[in-house]
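Okay, so here's the structure we're looking at.
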Amino acid sequence: MFSSASNAQASSLLRYPLRFKLVAIVAVLLFAAALVVATLAAWRQENLTQSLREDTAWVVYKLDRDAVQLLNHLLAVTREPLSPAAHEELNLRFELLYSRITLLNDGEVSNLLQQIDTARELLSQIQQQLDVLDIMFTPYNALELNQLPVASLEDELQALTRLTERLVIAINGYLAESATEERAQLSLLYKLLMSLIIGMSLAAFLVIAFLVREMRESAAIRRNQEKLGRQLEVTAKQAQAANQAKSDFLAMVSHEIRTPLNGVIGMSELLRESASPAQVEDYAQTIHDSANQLLAMINEILDFSKIEAGHLTLETSPTELKPLIDSVVVLFAPRAKMKGLALTVNVDALVPTWVLVDAGRLRQILLNLIANAIKFTDHGEVRVRVSSTVEQLLFEISDTGCGLSEQQQQRLFEPFQQADASVARRFGGTGLGLAICKRLSEAMQGRLGVKSTPGQGSTFWCELPLIAADPVATSLPPVPKRDFAGTTLLLVEDNAVNRKVAMGLLARLGCDIVWAESGHDALAMVQSQQVHLIFMDIQLPDMDGLTVTQRLREQGGWLASVPIVAMTAGGAEDDRQRCLAVGMDDYVTKPLSLSALSNVLALQLSSLDTMPLQALAVIPGLTGEQSLLNSDTLSMLKTALGEASMIQLIMLYHQQVSDYSAQLAACLAATPLTPEQEQQVARLAHQLRGESLSMGADKIAELAKQLETLAKTQRSTSTQLDEVFSTLRLAAAHTHAALERWSRDHLSV
Numbered sequence: 062m063f064s065s066a067s068n069a070q071a072s073s074l075l076r077y078p079l080r081f082k083l084v085a086i087v088a089v090l091l092f093a094a095a096l097v098v099a100t101l102a103a104w105r106q107e108n109l110t111q112s113l114r115e116d117t118a119w120v121v122y123k124l125d126r127d128a129v130q131l132l133n134h135l136l137a138v139t140r141e142p143l144s145p146a147a148h149e150e151l152n153l154r155f156e157l158l159y160s161r162i163t164l165l166n167d168g169e170v171s172n173l174l175q176q177i178d179t180a181r182e183l184l185s186q187i188q189q190q191l192d193v194l195d196i197m198f199t200p201y202n203a204l205e206l207n208q209l210p211v212a213s214l215e216d217e218l219q220a221l222t223r224l225t226e227r228l229v230i231a232i233n234g235y236l237a238e239s240a241t242e243e244r245a246q247l248s249l250l251y252k253l254l255m256s257l258i259i260g261m262s263l264a265a266f267l268v269i270a271f272l273v274r275e276m277r278e279s280a281a282i283r284r285n286q287e288k289l290g291r292q293l294e295v296t297a298k299q300a301q302a303a304n305q306a307k308s309d310f311l312a313m314v315s316h317e318i319r320t321p322l323n324g325v326i327g328m329s330e331l332l333r334e335s336a337s338p339a340q341v342e343d344y345a346q347t348i349h350d351s352a353n354q355l356l357a358m359i360n361e362i363l364d365f366s367k368i369e370a371g372h373l374t375l376e377t378s379p380t381e382l383k384p385l386i387d388s389v390v391v392l393f394a395p396r397a398k399m400k401g402l403a404l405t406v407n408v409d410a411l412v413p414t415w416v417l418v419d420a421g422r423l424r425q426i427l428l429n430l431i432a433n434a435i436k437f438t439d440h441g442e443v444r445v446r447v448s449s450t451v452e453q454l455l456f457e458i459s460d461t462g463c464g465l466s467e468q469q470q471q472r473l474f475e476p477f478q479q480a481d482a483s484v485a486r487r488f489g490g491t492g493l494g495l496a497i498c499k500r501l502s503e504a505m506q507g508r509l510g511v512k513s514t515p516g517q518g519s520t521f522w523c524e525l526p527l528i529a530a531d532p533v534a535t536s537l538p539p540v541p542k543r544d545f546a547g548t549t550l551l552l553v554e555d556n557a558v559n560r561k562v563a564m565g566l567l568a569r570l571g572c573d574i575v576w577a578e579s580g581h582d583a584l585a586m587v588q589s590q591q592v593h594l595i596f597m598d599i600q601l602p603d604m605d606g607l608t609v610t611q612r613l614r615e616q617g618g619w620l621a622s623v624p625i626v627a628m629t630a631g632g633a634e635d636d637r638q639r640c641l642a643v644g645m646d647d648y649v650t651k652p653l654s655l656s657a658l659s660n661v662l663a664l665q666l667s668s669l670d671t672m673p674l675q676a677l678a679v680i681p682g683l684t685g686e687q688s689l690l691n692s693d694t695l696s697m698l699k700t701a702l703g704e705a706s707m708i709q710l711i712m713l714y715h716q717q718v719s720d721y722s723a724q725l726a727a728c729l730a731a732t733p734l735t736p737e738q739e740q741q742v743a744r745l746a747h748q749l750r751g752e753s754l755s756m757g758a759d760k761i762a763e764l765a766k767q768l769e770t771l772a773k774t775q776r777s778t779s780t781q782l783d784e785v786f787s788t789l790r791l792a793a794a795h796t797h798a799a800l801e802r803w804s805r806d807h808l809s810v
């Protein structure tokens with residue numbers, strides 16, 4: 062009977078509404094949480110209070126000890142005449158004592174002391190006593206006859222020690238009383254805690270009873286979880302597909318990069334072997350085409366990254382439409398003719414002559430669409446048609462190629478996607494071109510799409526808002542010239558490969574080049590030679606090119622107006638703005654080309670062609686070619702070796718000087734030099750001197766001998782070595798330019 066009653070009671074508990082059970086569970090949990098939080102808070106507060114009391118007792122104790130020590134020290138040092146040092150030490154001890162009372166008057170320690178009446182009164186008396194002593198502890202020079210009132214100080218300090226002793230006793234008494242009260246409160250809290258534990262146990266039993274009922278609902282919950290699991294599986298498959306797309310992209314990009322890179326490396330290997338002039342030209346053309354293909358691919362990936370990151374900026378301006386389209390189409394005319402395709406352009410008569418658009422981005426879209434049309438069309442024609450409505454401008458590029466299926470059209474504008482795997486294998490590419498075009502058109506408030514039928518060709522269309530613009534009078538830029546003979550340039554570049562490329566291209570344009578490997582070298586170089594233009598790398602080992610430019614401009618004179626062109630591997634728009642903001646005149650990006658450098662030189666030197674350079678004499682004897690080179694030695698080498706071998710010898714000497722400079726700079730970077738480093742500097746300078754004498758570079762040989770002598774002299778300083786080495790590096794740059802001029806004048810190969 063008792064069992065049946067218990068079962069009935071349990072069943073009645075199980076039949077309570079779910080709302081009631083949830084409220085009960087939440088109440089128990091909240092109560093338990095509140096209890097835990099309150100306990101932790103009380104425990105933490107107690108710890109803080111105890112810590113504060115201990116800190117207060119310690120500070121009061123130290124105040125008393127410092128007062129007693131000051132009195133004892135005063136009695137010890139005044140047995141003999143007081144010296145300035147002893148006087149200063151007394152002042153310092155008093156300052157330390159005074160700082161103790163400052164700690165007691167500030168912060169939480171002060172709040173605790175204010176609660177103790179006796180301590181508050183004693184603290185006030187101690188402060189008054191210290192103020193009296195502060196007047197008596199005066200600086201040494203201010204005292205008459207350099208004597209302290211020792212007797213008065215002893216009396217006042219004894220009075221102070223009595224006060225501090227009473228303060229220590231008062232604080233200790235307060236702490237003892239507080240400890241007694243806290244023990245009584247702790248006993249009461251233990252009793253309350255036991256009551257709460259019993260209550261929580263009862264509440265836990267009720268919660269267990271409620272949870273039995275919840276087991277009946279577990280089946281429904283499991284069903285919901287299974288449904289959610291299926292949804293998660295779908296999401297996981299989508300994530301795997303995205304990850305696979307990324308992996309496919311990396312594999313595809315790796316393949317696409319390796320293809321032109323193989324052309325560059327392979328053809329450069331062949332160029333190292335003996336070959337006929339025709340083969341050399343073919344190898345060089347292959348390297349050039351492969352490098353351009355690689356650069357186009359990198360630019361495509363960077364463009365897409367910029368768009369995805371939201372850093373795309375549009376530069377809308379009035380643009381004459383027909384010349385823009387013709388300039389794009391003319392680029393593909395040879396390619397279309399080679400494939401036997403007809404490439405036609407039709408601009409509707411109703412299309413405005415001038416429109417407001419971002420010409421660069423529109424050109425990029427047309428380039429990509431026309432290139433794709435020619436690439437995927439083997440026979441027939443490619444048509445470019447431009448039409449307009451009242452509000453829209455429509456570009457259509459139609460071809461008679463293979464066409465696209467519906468499935469292919471759906472994924473065509475997704476990044477890293479192509480029509481199918483066979484297209485990627487046959488034509489290559491990153492699959493980013495159409496994705497970039499679509500995002501560019503959307504950024505310009507337009508649309509991009511395709512209409513295609515398999516086997517019948519495709520028509521890609523781009524629709525942009527039509528905003529007519531008034532004609533803008535533009536003057537044609539001057540035709541860039543390719544011969545800049547008589548132009549002297551300063552190239553600031555720390556990377557040997559980049560410096561070699563730039564100097565080779567600029568020499569091909571007829572320029573005389575002097576170079577510097579660092580910012581400090583550039584600042585020293587302009588003191589010894591004036592140039593027509595400065596090419597400035599941004600990333601330099603000692604300071605960035607922006608800082609070097611600022612320092613050059615600050616010097617005034619010809620440096621205030623000489624054109625300075627940034628030359629860097631960057632390319633972001635904010636980089637260009639930063640360069641122009643510090644005083645640079647133009648900005649070119651690597652990789653460099655003859656056309657790019659020719660355009661920059663023509664633009665920046667158009668008003669400076671006839672400007673004579675003033676001779677600078679900051680470093681005498683450095684810039685005169687007669688002092689730099691021994692013409693008799695060079696003529697003898699030319700006669701003995703022949704022109705072809707002489708050219709190779711000059712190139713090898715340039716490389717050797719660069720290597721020696723790098724090794725010497727590494728050795729001289731240490732301060733002070735060890736005997737081993739001094740021997741290394743002397744050895745390198747000796748080798749450089751010997752090779753320079755053999756080459757006819759007399760100035761470098763002379764400076765190398767000075768450096769060798771200094772390195773062997775035990776009394777030489779690091780400053781002397783650095784000065785000679787800096788002059789040597791300047792002489793090396795000037796000698797390089799002088800050798801290049803001698804080669805042009807005396808060698809025909």
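Mapped onto my numbering, the consecutive letters of the sequence shown carry residue numbers 62 to 810. Cβ coordinates follow ideal geometry from the N, Cα and C atoms, glycine included.
- Cβ atoms of V575 and A798 come within 8 Å of each other, at about 5 Å.
- The alpha-carbon of S692 is positioned some 39 Å away from that of T735.
- DSSP, reduced to helix, strand and coil, places V229 within a helical segment of the structure shown.
- Minimum Cα-Cα distance from S667 among the listed residues A583, T179 and H593 corresponds to H593.
- Taking every protein chain shown into account, the CB of P321 has 16 or more other CB atoms within 10 angstroms, so this residue is buried.
- Looking at the backbone, the Cα of C728 and that of E737 are separated by about 10 Å.
- Pairing A93 with Y235, the inter-Cα distance amounts to about 35 Å.
- Put simply, the backbone Cα of L90 is about 30 Å away from that of R244.
- Contact annotation: the stretch 600-611 touches the stretch 551-558, with at least three C-beta pairs closer than 8 Å.
- Comparing C-alpha distances from L411 to each of L454, L96, T374 and I386 shows the shortest one belongs to L454.
- If you check the CB distance, S388 and G464 do not come in under 9 Å.
- The closest CA to that of S804, considering only R140, S779, C572 and I599, is found on C572.
- Judged by their CB atoms, S753 and I761 are nearer to each other than the 9 Å cut-off.
- Assignment of beta-bridge partners to W415 by DSSP yields E381.
- For V785, the number of other beta carbons within 10 angstroms of its own is at least 16, and it is reported as buried.
- Here DSSP, grouped into helix, strand and coil, assigns N407 to strand.
- In this structure, L527 lies away from L509, with their beta-carbon atoms at least 9 Å apart.
- Nearest C-alpha to Q176 among I259, I232, P210 and D603: I232.
- Secondary structure of M697 (DSSP, three-state): helix.
- Within the same chain, Cβ atoms closer than 7 Å to the Cβ of S579 are found at D555, L601, P602 and D603, the five residues on either side in sequence being excluded.
- Taking a C-beta distance under 9 Å as the contact criterion, A563 and F596 qualify as a contact pair.
- A Cβ-Cβ contact shorter than 9 Å links F456 with L525.
- Counting along the chain, P526 sits inside the beta strand (DSSP E) bounded by residues G518 to P526.
- The residues P379 and W415, in chain order, have a CB closer than 8 Å to that of D531 in the same chain once the five nearest residues on each side in sequence are set aside.
- With contacts defined by Cβ atoms closer than 9 Å, L289 and V325 do not form a contacting pair.
- At a cut-off of 4 residues, the continuous stretches assigned as alpha helix (DSSP H) that sit fully inside the stretch 715-786 are 736-756 and 759-773.
- If you keep only unbroken beta strand (DSSP E) runs of at least 3 residues inside the stretch 620-667, you get 625-629 and 647-650.
- Inter-residue distance for L194 and W119 is about 23 Å (C-alpha atoms, whole angstroms).
- With respect to the 9 Å criterion, V742 and E769 are classified as neighbours on the basis of their beta carbons.
- Distances from the alpha-carbon of Q588 to those of P384, W619, C523 and D127 put W619 closest.
- Put simply, the backbone Cα of S262 is about 20 Å away from that of L249.
- Around the C-beta of M399, fewer than 16 other C-beta atoms lie within 10 Å, and the residue is accordingly described as exposed.
- The C-alpha of L136 is placed about 12 Å away from the C-alpha of P142.
- Around L782, the same chain offers L729, L734, V742, L768, L771 and A772 as residues with beta carbons nearer than 8 Å, after the five sequence neighbours per side are excluded.
- Annotation: the continuous alpha helix (DSSP H) that includes I187 extends over D178 to M197.
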